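S.K.: Residue numbers (the numbering used here): 483 to 570.
Next up is a structure, given as structure tokens.
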Amino acid sequence: MSAHPSSPSATAPALRIDLRGLKCPLPVLRAQKELARLSPGDRLILECTDPMAAIDLPNLARETGDIYEGRSEEQGFTAHHIRKGPTP
Numbered sequence: 483m484s485a486h487p488s489s490p491s492a493t494a495p496a497l498r499i500d501l502r503g504l505k506c507p508l509p510v511l512r513a514q515k516e517l518a519r520l521s522p523g524d525r526l527i528l529e530c531t532d533p534m535a536a537i538d539l540p541n542l543a544r545e546t547g548d549i550y551e552g553r554s555e556e557q558g559f560t561a562h563h564i565r566k567g568p569t570p
């Protein structure tokens, strides 16, 4: 299913944040800070080397109402994909 061309996700590139080398809880704290600045529908990609991020980031998204869209293994790090959820 593709995004509607006028939706923010179809036009706005994802914001990539390099969190490589940071250990728990720093990746989650940085993600929280960046998500707070985004608009609903904006995408965030977090580049992490901390294995705990695979547990912590989905939990953060669940707690904040954002959408954890999964992760991808890249050379030397894991990219975690989060979409900013609707504003309450």
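In this text, a Cβ means the ideal position worked out from N, Cα and C, and glycines have one as well.
Computed from a predicted model, the values in this text were never measured in an experiment.
My output table needs one value for Arg502: the three-state DSSP class, helix, strand or coil.
M.R.: Assignment of Arg502 by DSSP, reduced to helix, strand and coil, places it in the coil class.
S.K.: Using only the alpha-carbon positions, how far apart do Leu542 and Tyr550 sit?
M.R.: So the alpha carbons of these two residues sit roughly 9 Å apart.
S.K.: Assuming Ala535 is part of the alpha helix (DSSP H), what are its boundary residues?
M.R.: Ala535 to Thr546
S.K.: Tell me the DSSP secondary structure of Leu497 in three-state form.
M.R.: The answer is strand: DSSP assigns Leu497 an E or B state.
S.K.: Taking 8 Å as the limit between beta carbons, can you name the residues of its chain near Arg512, skipping five residues before and five after?
M.R.: Ile499, Leu501, Leu504 and Leu528
S.K.: Kindly give me the distance between the Cβ atoms of Arg525 and Arg565, rounded to whole angstroms, as I take these residues to be in contact under 8 Å.
M.R.: Between Arg565 and Arg525 the Cβ distance is about 5 Å, and since that is below 8 Å, they are a contact.
S.K.: Indicate the three-state DSSP secondary structure (helix, strand or coil) for Leu520 in the structure shown.
M.R.: coil
S.K.: First and last residue of the beta strand (DSSP E) that includes Gly567?
M.R.: Neither: Gly567 is in no beta strand (DSSP E) and is coded neither H nor E.
S.K.: According to DSSP, Glu555 sits in a beta bridge with which residue or residues?
M.R.: DSSP output for Glu555 lists Thr560 as bridge partner(s).
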